[in-house]
Amino acid sequence: MDIDARTLEQLGQRVEDAHAYLHIDDKTAELAALDEEIASPGFWDDTSHAQSASKRAGNLRDTLRSYEDAVQLLADAQTAFELAGEDEAFAEEAQQSCEALGTMLDGLEVESWFTGPFDEGDAILTVNPGQGGLEANDWADMLFKLYTHYAEDKGWKVDVLDVTYAEGIGIDRATIQVGGRNAYGMLTSEIGVHRLVRISPTDDKKRRHTTFASVELLPVLPDDIEVDLDPNDVRVDVYRSSGPGGQCVNTTDSAVRLTHIPTGIVVTCQNQKSQLQNKEAAFRVLKAKLYELEQQKRQAEIDELRGERMENSFGSQIRNYVLYPYQLVKDLRSNVETGDVDGVLAGHIDDFVIGYHKWRASQ
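See below:
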């Protein structure tokens, strides 16, 4: 960017706006209160609350530090710009500071979109094949790998909770837990049906096929969220973990299947190291599913009172991935598109994630 007084004025206004939309004063007061609580005797007596409070304090500290860095970069840019009239070397320094500040402010604006109760936290993402037979199984596997790469590239922690491999190629289902700042909020962009068009690798006649897979997302619920879950209503079955042909798998009965009898919800987990870890992970997913079910019931009651009939977004197609006869990935909500299909399938989907949230914020 070309640096002039107007550019600096615009960046200064963006920093001022960030102070408002990030609620810096409120966050500063909240962090001070949390730090006081953390320093108090007996804070760690309630481990779950202590962990939640510590994580919240860490997130607040990161946001405040980023804002302070932005303020400092603006000051550096302004100083360098003033000195550039005497020494041209400062002009380059001013430009570098402005470019870095612009990128930082873009990130702060993205962060400001995530204000939901679970947006800051971790997520449980599940990929299921839809229509298309073997093609759908393979497409679900491709999406599973896409999201794993995306999360890893962002430095998020990825735990594979469950992968059920299909006969032949692909998967019948895959569930991962993604841990990272704003993981749940960011990944809400992916909820829905994903459509693939390509020449089928399983078709000897090399015909074009269209197939579908769906992505579900649940928040990892904080321990202080209460869910009506009676252990007596859950049937626990253990069985031997399975994997694709040739893969070395656990030969003990460590996989766990939970069946919530009142609702019929079934959760499986087989990729943790022990039966206990699989059971804990499965109950975490079941708790999130029951919470989501309760929220859906409440929303349905509200819609009924309002006299509204809301379309179920899960059944809607959100994105097309066309590999043949041309190459294009296009989001049908934000209209973000790219011809770099290979890059998208390798997990480079930030443009789609951020594009969706920009579109949602504009609605």
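Numbering (this note's numbering), first residue to last: 1 to 363. Don't be surprised by glycine CBs; every beta carbon is placed ideally from N, CA and C.
Chain-order list of residues whose beta-carbon lies under 7 angstroms from that of residue i (same chain, five-residue window excluded)
i, result
"Asp-119", "Asn-182, Tyr-184 and Gly-185"
"Arg-333", "Ile-318, Tyr-356 and Trp-359"
"Leu-74", "Leu-11, Gly-12, Val-15 and Leu-101"
"Phe-114", "Glu-120, Asn-182 and Gly-185"
"Cys-248", "Legend: pLDDT at Cys-248 = 36, less than 50; position of this residue unreliable, no value from coordinates given."
"Lys-154", "Gly-180"
"Ser-362", "none"
"Thr-148", "Val-158 and Ile-176"
"Leu-293", "Thr-263"
"Trp-156", "Val-178, Gly-179, Gly-180 and Ala-183"
"Ala-5", "none"
"Glu-311", "The predicted position of Glu-311 is uncertain, since its pLDDT is 40 and thus under 50; a value taken from the coordinates is nonetheless stated next. Hits under 7 angstroms: none found."
Distance CB(residue i)-CB(residue j) smaller than 7 angstroms
i, j, result
"Val-267", "Leu-276", "no"
"Val-215", "Ile-176", "no"
"Val-285", "Ile-124", "yes"
"Asp-351", "Val-336", "yes"
"Val-227", "Val-238", "no"
"Ala-151", "Val-160", "no"
"Ala-94", "Ala-80", "yes"
"Leu-143", "Val-127", "yes"
"Leu-217", "Leu-187", "yes"
"Leu-22", "Ser-112", "yes"
"Arg-240", "Asp-253", "yes"
"Gly-347", "Leu-146", "yes"
N-terminal and C-terminal residue of the alpha helix (DSSP H) that residue i is part of
i, result
"Lys-205", "Per DSSP, Lys-205 belongs to no alpha helix (DSSP H) and is neither H nor E."
"Ile-24", "24–38"
"Tyr-67", "47–83"
"His-260", "Segment 255–260 is the beta strand (DSSP E) holding His-260; no alpha helix (DSSP H) there."
"Asp-342", "341–345"
"Ser-362", "350–362"
Spatially closest choice to residue i from the options, by CA coordinates
i, options, result
"Arg-65", "Ile-24, Pro-117, Glu-226 and Gly-85", "Ile-24"
"His-260", "Phe-283, Asn-271, Tyr-324 and Pro-325", "Phe-283"
"Thr-103", "Lys-289, Leu-11, Ser-200 and Lys-206", "Leu-11"
"Gly-130", "Glu-294, Thr-28 and Arg-195", "Arg-195"
"Leu-31", "Gly-58, Thr-188 and Ser-48", "Gly-58"
"Glu-88", "Asp-342, Ile-3, Ser-362 and Lys-205", "Ile-3"
"Leu-101", "Gln-72, Thr-115 and Leu-34", "Gln-72"
"Asp-138", "Thr-263, Lys-289 and Leu-345", "Leu-345"
"Leu-105", "Thr-47, Tyr-67 and Arg-240", "Tyr-67"
"Gln-295", "Lys-55, Ile-225 and Lys-273", "Ile-225"
"Ala-33", "Ala-53, Arg-298 and Pro-262", "Ala-53"
"Gly-133", "Ala-174, Ala-20 and Ala-166", "Ala-166"
"Arg-56", "Glu-9, Asp-253 and Asp-122", "Asp-122"
"Pro-443", "Asn-320, Pro-219 and Pro-231", "The requested residue 443 does not occur in the structure, where the chain is confined to residues 1 to 363."
"Glu-9", "His-19, Asp-45 and Gln-78", "Gln-78"
"Leu-46", "Glu-82, Lys-287 and Asp-223", "Note on residue identity: the sequence assigns Asp, not Leu, to residue 46. Taking only the C-alpha atoms, the option nearest Asp-46 is Asp-223."
"Asp-26", "Ser-48, Glu-36, Ser-40 and Leu-60", "Leu-60"
"Leu-108", "Ser-40, Arg-173, Ala-20 and Asn-232", "Ala-20"
"Lys-287", "Ser-40, Asp-233, Glu-36 and Val-110", "Asp-233"
"Ala-140", "Pro-325, Tyr-321 and Gln-327", "Tyr-321"
"Val-193", "Asp-35, Asp-331, Ala-174 and Tyr-291", "Asp-331"
"Asp-62", "Thr-28, Glu-86 and Arg-298", "Thr-28"
Start-to-end residues for the beta strand (DSSP E) that takes in residue i
i, result
"Val-127", "123–129"
"Asp-237", "234–239"
"Thr-115", "First-last for Thr-115: undefined, no H or E at that position."
"Ile-3", "Where Ile-3 is concerned, there is no enclosing beta strand (DSSP E), given that its DSSP letter is neither H nor E."
"Asp-331", "328–331"
"Ile-318", "317–322"
Chain-order list of residues whose beta-carbon lies under 8 angstroms from that of residue i (same chain, five-residue window excluded)
i, result
"Ala-136", "Pro-129, Gly-130, Gly-170, Thr-211, Phe-212 and Ala-213"
"Arg-207", "Ile-199 and Ser-200"
"Leu-323", "Leu-196, Val-197, Arg-198, Ile-199 and Val-341"
"Asp-17", "none"
"Gly-245", "Bear in mind that the predicted position of Gly-245 carries a pLDDT of just 42, short of 50, making it unreliable; the figure below should be weighed with that in mind. Closer than 8 angstroms at the Cβ level, and outside the excluded window around Gly-245, lies no residue."
"Asp-203", "His-209"
Cβ-based neighbour list, residue i, same chain, cut-off 6 angstroms, excluding 5 preceding and 5 following
i, result
"Thr-338", "Val-329"
"Ser-189", "Val-353 and Tyr-356"
"Phe-43", "Ala-50"
"Gln-272", "Asn-278 and Ala-281"
"Cys-269", "Leu-161, Asp-162, Val-256, Asn-278, Ala-281 and Ala-282"
"Lys-289", "Ile-265"
"Ser-48", "Asp-223"
"Glu-308", "Confidence is the limiting factor: at Glu-308 the pLDDT is only 42, short of 50, which leaves the residue's position unreliable and the question unanswerable from this model."
"Gly-315", "For Gly-315, the predicted structure reports a pLDDT of 48, less than 50, and the residue's modelled location is therefore unreliable. A value from the coordinates is still provided. Hits under 6 angstroms: none found."
"Ala-91", "Ala-84"
In the region 138–212, which residue ranges form an unbroken alpha helix (DSSP H) of at least 4 residues, counting only runs that do not cross its ends? 183–187
Which full runs of the alpha helix (DSSP H) of 4+ residues lie inside the region 262–310, going along the chain? 275–306
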